[in-house]
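If you're matching positions, the sequence shown starts at 34 in my numbering and goes up one per residue.
Even for Gly, the Cβ is constructed at its ideal location relative to N, Cα and C.
Source: prediction; values computed, not measured.
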Amino acid sequence: MQAPIIIAQLAAIFAFALLGLASRDSSLEDDGRPYLVSPYTDQTIAFFEMSGSTLATRTVETTTYIVKDQYMPIKIYLNSYTLADIPDHLVEGMVFERINIDTQYSHRLQAPLLNTVLVEKLLRAFGRSLHTDRLTISGLGAVLDPETGVNHAHQECELSPNPIAEDEKTHPKLLKLYTKHIVLTRVSEASVRWLLPRLDVSECMVDVWLLHVPEITNLRCLDGFNPKTLLKLYVWDADNFTDIDCALLREKKVLNEIGLWETPDWLYASPETLQAIATKHWDSIRMPAAFWCSIVKTMHTTITVDRLILHGVVFPTHDKIGSRVCEEKASVKILELRLTNPNSTRASNMSLSELLVWLDSRFIDTEQITITNINIHNISPLSSHIYIDIEPLLPSLKRLCYVANISRTFYIYNRKSILWIEPAAYKDWADGKLNTTMAKICSQKILSVSDDIVTPFTPPTDPNPNPTCFECNMSVEEIVKVSPKTQPIYLGIVCKAGHMACKPCLEKLLKTKYASKEAQPQACPLCGDELCGSGVVSVVEKDMDGKTCFDLMKTC
Numbered sequence: 034m035q036a037p038i039i040i041a042q043l044a045a046i047f048a049f050a051l052l053g054l055a056s057r058d059s060s061l062e063d064d065g066r067p068y069l070v071s072p073y074t075d076q077t078i079a080f081f082e083m084s085g086s087t088l089a090t091r092t093v094e095t096t097t098y099i100v101k102d103q104y105m106p107i108k109i110y111l112n113s114y115t116l117a118d119i120p121d122h123l124v125e126g127m128v129f130e131r132i133n134i135d136t137q138y139s140h141r142l143q144a145p146l147l148n149t150v151l152v153e154k155l156l157r158a159f160g161r162s163l164h165t166d167r168l169t170i171s172g173l174g175a176v177l178d179p180e181t182g183v184n185h186a187h188q189e190c191e192l193s194p195n196p197i198a199e200d201e202k203t204h205p206k207l208l209k210l211y212t213k214h215i216v217l218t219r220v221s222e223a224s225v226r227w228l229l230p231r232l233d234v235s236e237c238m239v240d241v242w243l244l245h246v247p248e249i250t251n252l253r254c255l256d257g258f259n260p261k262t263l264l265k266l267y268v269w270d271a272d273n274f275t276d277i278d279c280a281l282l283r284e285k286k287v288l289n290e291i292g293l294w295e296t297p298d299w300l301y302a303s304p305e306t307l308q309a310i311a312t313k314h315w316d317s318i319r320m321p322a323a324f325w326c327s328i329v330k331t332m333h334t335t336i337t338v339d340r341l342i343l344h345g346v347v348f349p350t351h352d353k354i355g356s357r358v359c360e361e362k363a364s365v366k367i368l369e370l371r372l373t374n375p376n377s378t379r380a381s382n383m384s385l386s387e388l389l390v391w392l393d394s395r396f397i398d399t400e401q402i403t404i405t406n407i408n409i410h411n412i413s414p415l416s417s418h419i420y421i422d423i424e425p426l427l428p429s430l431k432r433l434c435y436v437a438n439i440s441r442t443f444y445i446y447n448r449k450s451i452l453w454i455e456p457a458a459y460k461d462w463a464d465g466k467l468n469t470t471m472a473k474i475c476s477q478k479i480l481s482v483s484d485d486i487v488t489p490f491t492p493p494t495d496p497n498p499n500p501t502c503f504e505c506n507m508s509v510e511e512i513v514k515v516s517p518k519t520q521p522i523y524l525g526i527v528c529k530a531g532h533m534a535c536k537p538c539l540e541k542l543l544k545t546k547y548a549s550k551e552a553q554p555q556a557c558p559l560c561g562d563e564l565c566g567s568g569v570v571s572v573v574e575k576d577m578d579g580k581t582c583f584d585l586m587k588t589c
């Protein structure tokens, strides 16, 4: 009787042994995360630990494996290594979220000289390629030529129409880089000129950020850079930056965005570069207002920008920027003006009206404008205005935001907006009983750049006491009889002549109008005035006590 028991026990032991082997074989894919098998695992872990970075690993029995996907930010401090500390080979195949290569120096001190031999060995150690979502390189100073001992702080260049010829020497590619973002911060011009041509980014759709770079004077240090597509190019905090010329801009290889801020206002660019910037569509541009004016001077066709941010000194109406005539207008959907001068107490002498006139003369298709920290003398921060009337300026504008000590958002009031009237309140409107109330409420809520008191449609001199809908021919009296008190069928006054249609009919007309961008504007069939049913609307209706009242409100 013991033999079957022994056999069963042996079978169970054998089954557990097989299960253990299976678990051992599958441990490299534990939790669905792939691991890397490499003879260079130990030296790779030790290399990163010298910078205080711990790689994600998993130990199976006595063997340690590096996780392929490294989600924690990794830092490599160049000053922590000698040439002997960098192994010839690191584990290949690691995919990093972020890598920061830094010299770990205080921003108040001059960056140390770039040890090109050490950096070259580091790049080669990664093997065939390096994968990281973001590569940040910080604190690279002047380049010391290993052959001549010459300190190349930067290549001299002057502001002239004839840029310096590019270095004809082809530099060997040290590393195939796969990344979406390259951030270069506190680096010298010479270090950028040395480093970027040695990175092969020919298969990358990447953006480049130059941050806190007082030593960068121009962008020709990017001319050896070879991305498949450069999506964005940003320069931030470059006090000595003077020249935007580079092959990437001149050849229209910057696809979507360009940003220049905390740079000098007046920058040089060749006519070819200015023309290249002015003749393509941009998702976003951020730059000094003075340099923007240099671009628009070269425009022969309309430049299209989804979002434009202009900053720089405050300008009065008749200064060099404000008085400049633009032959072509720029098509800008969202416009932000940050025209301040922190080094001067001089405020702009522009009124809001003058500023909007200036904008209207230079921009089209603008739906949103934000004005930040500019002293507009006819806007009181304590005013109760919610809406703004700017006709006939900027016809596409929907919202104006003014940001000074407090933020104020003004929604655009259109004088052609339909006046909605509850049928039971029509007679009071037609008799002119609401004219004074409408004027008072509108003066409190609508800021007019023309200083006029703007109101919705008031009754004509000889109003029809019982008009009919110009679509379905139902009269006001008929609509009153069928209109439920809980949800009345509103009437829409669509023009100065007082022509009317019921809400269901107007909604059908307006739906046709806004069905497509190519649709022709719908008009009053009786007088031809354009119908406007969006934005800020005016409403006349009965309150719970039966009193006729008026108010303004914004539609979605």
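- The DSSP assignment places complete alpha helix (DSSP H) segments of no fewer than 4 residues inside the segment 462–533 at 468–478, 509–515, in order along the chain.
- Counting along the chain, no beta strand (DSSP E) covers Arg283; the unbroken alpha helix (DSSP H) around it starts and ends at 280–283.
- In this structure, the CA atom of Ile328 is about 21 Å from the CA atom of Thr403.
- Between Leu293 and Thr275, the gap from beta carbon to beta carbon reaches 8 Å or more.
- For Asn251 against Asp272, the beta-carbon gap comes to about 14 Å, at or over 8 Å, which does not count as contact.
- The distance from the Cβ of Ser508 to that of Pro500 is about 7 Å, consistent with a contact at the 8 Å cut-off.
- In the DSSP assignment, Pro321 falls outside any alpha helix (DSSP H) and within the unbroken beta strand (DSSP E) covering 315–321.
- Among the bridge pairs identified by DSSP, Tyr301 is matched with Asp276.
- Taking the CA atoms as reference points, Asp562 sits about 52 Å from Ala280.
- One alpha carbon belongs to Pro521, the other to Gly579, and they sit about 14 Å apart.
- Note that the C-beta distance between Leu559 and Phe490 is not below 8 Å.
- Less than 8 Å divides the Cβ of Asp422 from the Cβ of Ile479.
- Per DSSP, reduced to three states, the secondary structure at Asn259 is coil, with no helix or strand assignment.
- Contact between Gly566 and Leu543 holds, since their C-beta atoms are separated by about 4 Å, short of 8 Å.
- Under DSSP, Cys565 takes part in a beta bridge, and its partners are Ser450.
- Per DSSP, reduced to three states, the secondary structure at Thr149 is helical.
- It is roughly 21 Å from the alpha-carbon of Thr92 to the alpha-carbon of Pro106.
- Contact between Asp316 and Lys366 does not hold, since the beta-carbon distance rounds to 10 Å and is not under 8 Å.
- About 6 Å separates the beta carbon of Lys431 from that of Gln401, a gap short enough to meet the 8 Å contact definition.
- Taking the Cα of Leu243 as reference, the smallest distance to any Cα among Glu236, Ser224, Arg231, Ser235 is reached at Ser224.
- Pairing Thr169 with Asn133 gives a Cβ-Cβ distance under 8 Å.
- A distance below 8 Å between beta-carbons, with the five flanking residues on each side excluded, links Pro493 to the following residues of its chain, in chain order: Lys529, Ala530, Gly531.
- The alpha-carbon separation between Leu232 and Arg161 amounts to approximately 11 Å.
- By a beta-carbon distance limit of 8 Å, Glu455 does not contact Lys362. Their separation comes to about 42 Å.
- Sixteen is the threshold: since fewer than 16 other Cβ atoms of the shown chains lie within 10 Å of the Cβ of Leu116, the residue is exposed.
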